[in-house]
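Trainee:
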Amino acid sequence: MIYGCLIICRSITYAQRAQYILQRKGYTATVVRPSVEIIGDSCGFAVKIYERYLADAIYILRSNGIEPQRAVIVEENGRIREVRI
Amino acid sequence: MIYLDNAATTLYKPPEVGAAVLDAMRTCANAGRGGHSAAMVAADKLYECREAAAELFGFDRAEQAVFTFNTTHSLNIAIKGIMSNGGHCVISGFEHNSVVRPLKAMEKLGVSYTVAYSRLFDAEDTLRAIKNAVREDTVCVVCTHVSNVFGYILPIKEIDEFCNEKGIALIIDAAQSAGTVPIKLNEFKAVKCICVPGHKGLYGPQGTGLLLINDNTSIPSLMQGGTGSMSGKPEQPDFLPDMHESGTQNIHGIAGLCEGIRYILKVGVDKIAEYERGLILKAKGYLSQIPRIKMYASDDAALQNGVLSFNVEGKSSEDIASKLAEKGIAVRAGLHCAPIAHKSAGTKYGTVRISVSWFNNEEEISAFAYRIGEIV
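And the structure:
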């Protein structure tokens with residue numbers, strides 16, 4: 008399972024663009040494919056970032072026309088915490 | 122071989138293109154499917170190519186670049202999508218069969234179209250003909266940027282202005298201009314789609330193409346299937362690029378295309394345009410000294426890119442092309458899949474066409490002219 012703070016995007020292209028935009032702003036961002044428990048039936052991709060930068064990242068992405076689907080924090084014990092965005 | 126058939130496909134490519142294809146064949150799995158490293162490498166290749174296309178063709182969002190198999194594929198998505206509710210379409214008098222045939226096939230679905238015939242190398246006449254052909258129920262204009270037969274650069278900016286005033290969608294066929302004449306999606310107002318080949322002026326492999334979609338345009342998908350997104354739903358995703366990219370992509374080809382686009386970005390489209398125009402001017406100079414040759418060329422260099430058509434009095438275009446082929450010179454003869462362009466220009470039986478690329482040189486043009494002199 009992939010742990011950490013994940014911004015769920017509706018497709019890999021959106022996740023890649025999100026990664027590209029965040030990296031250009033100096034944030035560490037990685038495209039990952041979360042498990043079905045996290046993304047449900049969407050077969051989507053996510054951008055993993057540091058939790059402390061989540062609010063900044065959401066703001067930057069929205070300013071660049073990317074509307075993230077959801078944001079979650081996956082803890083090491085497997086617990087999934089939904090973050091309101 | 123002296124290759125002067127670049128309007129059909131560029132044969133000589135930058136070495137980086139082939140190297141990228143080989144590398145992708147060794148390293149790329151299926152993009153957007155798995156989360157393993159080989160799938161992510163493949164996804165990165167696609168994304169890099171979208172970003173390179175965005176830089177070359179002037180648009181902001183990578184997802185506006187949809188990968189297709191060729192320009193015909195792009196045109197089919199654009200035309201059949203925009204005309205899906207029926208209505209009337211106007212096409213310029215220089216369109217390829219890849220525009221005419223989809224429209225012809227849609228006639229039984231309630232689509233009609235008018236060909237706006239106009240004089241060759243007469244931009245005012247071309248614009249006037251399009252304006253005159255537009256009706257109350259016109260939904261769309263389809264216009265080639267550059268004629269594949271004559272190299273005629275059509276007045277697409279003026280056509281875009283007109284379509285914008287009338288609230289009509291404009292589709293541009295950039296089969297001959299992509300990589301050889303500057304064209305930027307975000308500089309247009311009415312343009313909904315630009316249809317681009319990967320294997321011609323962008324120096325990518327065959328089997329690659331792009332459909333560049335205006336940010337505010339939503340057109341129904343031509344083909345549906347697996348996209349690696351929204352997989353739990355039976356409906357096709359309604360967002361770009363997934364809605365138009367069903368099935369496995371030509372990732373190996375796209376990796377090569379990406380290097381082709383980067384090469385164009387490095388050299389510069391303006392520089393390529395000027396160079397190719399120079400070669401055509403040279404060819405025109407040589408051919409004008411040979412008796413019995415009729416050229417279809419413009420005196421205004423701004424109206425013609427790296428394509429030149431001609432005929433030899435009393436000889437068929439196919440005969441000339443065959444004789445040139447015997448002497449190691451590759452050109453194309455006949456109708457070039459664009460019969461209406463020949464009707465516009467009055468070249469009913471076709472022409473001999475030479476088309477140059479960045480990889481041709483003046484010596485080759487001189488050798489071609491020498492051989493033509495021998496044949497005539």
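Protein chains in written order, with the numbering used here: chain A, 8 to 92; chain B, 122 to 497.
Idealized CB from N, CA, C, for every residue including glycine.
These numbers were taken from a predicted model, which means no experiment stands behind them.
(1) Just curious, the beta strand (DSSP E) that E308 of chain B is in, first and last residue?
(2) I need the DSSP call for M227 of chain B, collapsed to helix, strand or coil.
(3) Does the Cβ of S158 of chain B have 16 or more other Cβ atoms within 10 Å, making it buried, or fewer, making it exposed?
(4) Can you check whether the CB of V260 of chain B is closer than 8 Å to the CB of G208 of chain B?
(5) So the candidates are B:A237, B:H266, B:S268; which of them puts its Cα closest to the Cα of N253 of chain B?
(6) Listing by chain order, which chain B residues have their CB less than 8 Å from the CB of I67 of chain A?
(7) Consult DSSP for F242 of chain B and reduce its assignment to one of helix, strand or coil.
(8) Quick one: measure Cβ to Cβ for I80 of chain A and C12 of chain A, integer angstroms, because I've assumed they're closer than 8 Å.
(9) How about the region 190 to 210 of chain B and the region 324 to 340 of chain B: do they share at least three Cβ pairs that are nearer than 8 Å?
(10) Kindly list, in the order they appear in chain B, the residues whose Cβ is closer than 7 Å to that of R31 of chain A.
(11) Taking contact to mean 3 or more Cβ pairs, one atom from each stretch, closer than 8 Å, check whether the region 333 to 344 of chain B and the region 174 to 187 of chain B are in contact.
(12) Mapping DSSP to helix, strand and coil, what is V142 of chain B?
(13) Please confirm whether L402 of chain B and I274 of chain B have their CB atoms less than 8 Å apart.
(14) Cβ closer than 9 Å: which chain A residues qualify as neighbours of E137 of chain B?
(15) What are the residues of the region 201 to 216 of chain B that lie near chain A, defined by any Cβ-Cβ distance shorter than 8 Å?
(16) Since M161 of chain B contacts V38 of chain A with CB under 8 Å, what's their CB separation in whole angstroms?
(17) Under 8 Å between beta-carbons, which chain B residues line up against C50 of chain A? List them in chain order, please.
(18) Can you look up V390 of chain B in the DSSP assignment and give me helix, strand or coil?
(19) Should the region 385 to 392 of chain B be called in touch with the region 358 to 376 of chain B, which here means at least 3 C-beta pairs below 8 Å?
(20) For the region 183 to 197 of chain B, which residues have a CB atom closer than 8 Å to at least one CB atom of chain A, in sequence order?
Mentor: Quick look at the numbers:
(1) Residue 308 of chain B sits at position 187 when you count from the first residue of the second sequence. It is not in any beta strand (DSSP E) - E308 of chain B carries neither H nor E in the DSSP assignment.
(2) On the second sequence, residue 227 of chain B is found 106 positions in, with the first residue counted as 1. DSSP places M227 of chain B in coil when its eight states are reduced to three.
(3) Within the second sequence, numbered from 1, the residue matching residue 158 of chain B stands at position 37. S158 of chain B should be labelled exposed.
(4) Translated into the one-based positions of the second sequence, residue 208 of chain B becomes position 87. Translated into the one-based positions of the second sequence, residue 260 of chain B becomes position 139. The answer is yes: Cβ separation under 8 Å.
(5) Residue mapping note: residue 253 of chain B aligns to position 132 of the second sequence, counting from 1. The candidate whose alpha carbon is nearest that of N253 of chain B is B:A237.
(6) What you label residue 67 of chain A is simply residue 60 of the first sequence in a count that begins at 1. Result: empty, since nearest Cβ-Cβ is about 15 Å, beyond 8 Å.
(7) The sequence position of residue 242 of chain B within the second sequence is 121, counting from 1. F242 of chain B: coil per DSSP, three-state reduction.
(8) The residue given as residue 80 of chain A occupies position 73 in the first sequence. The residue given as residue 12 of chain A occupies position 5 in the first sequence. Confirmed, about 5 Å.
(9) yes
(10) Within the first sequence, the letter at position 24 stands for residue 31 of chain A. What R31 of chain A touches in chain B: nothing, since even the nearest Cβ is about 11 Å away.
(11) yes
(12) Here residue 142 of chain B refers to the residue found at position 21 when the second sequence is read from its first residue. V142 of chain B carries a helical assignment under DSSP once its states are collapsed to helix, strand and coil.
(13) Here residue 402 of chain B corresponds to residue number 281 of the second sequence, with the count starting at 1. Here residue 274 of chain B corresponds to residue number 153 of the second sequence, with the count starting at 1. No. Outside cutoff.
(14) Residue mapping note: residue 137 of chain B aligns to position 16 of the second sequence, counting from 1. The premise fails here: E137 of chain B is roughly 22 Å from chain A at the closest Cβ pair, so nothing lies under 9 Å.
(15) none
(16) To locate residue 161 of chain B, count along the second sequence from 1; it is residue 40. To locate residue 38 of chain A, count along the first sequence from 1; it is residue 31. Indeed they touch by this definition, with Cβ atoms about 7 Å apart.
(17) For this step, residue 50 of chain A is matched to residue 43 along the first sequence. The answer, in chain order, is G349, S350, M351, S352, G353.
(18) Translated into the one-based positions of the second sequence, residue 390 of chain B becomes position 269. V390 of chain B falls in the helix class under three-state DSSP.
(19) Too few Cβ pairs lie closer than 8 Å, so no.
(20) A183, E184
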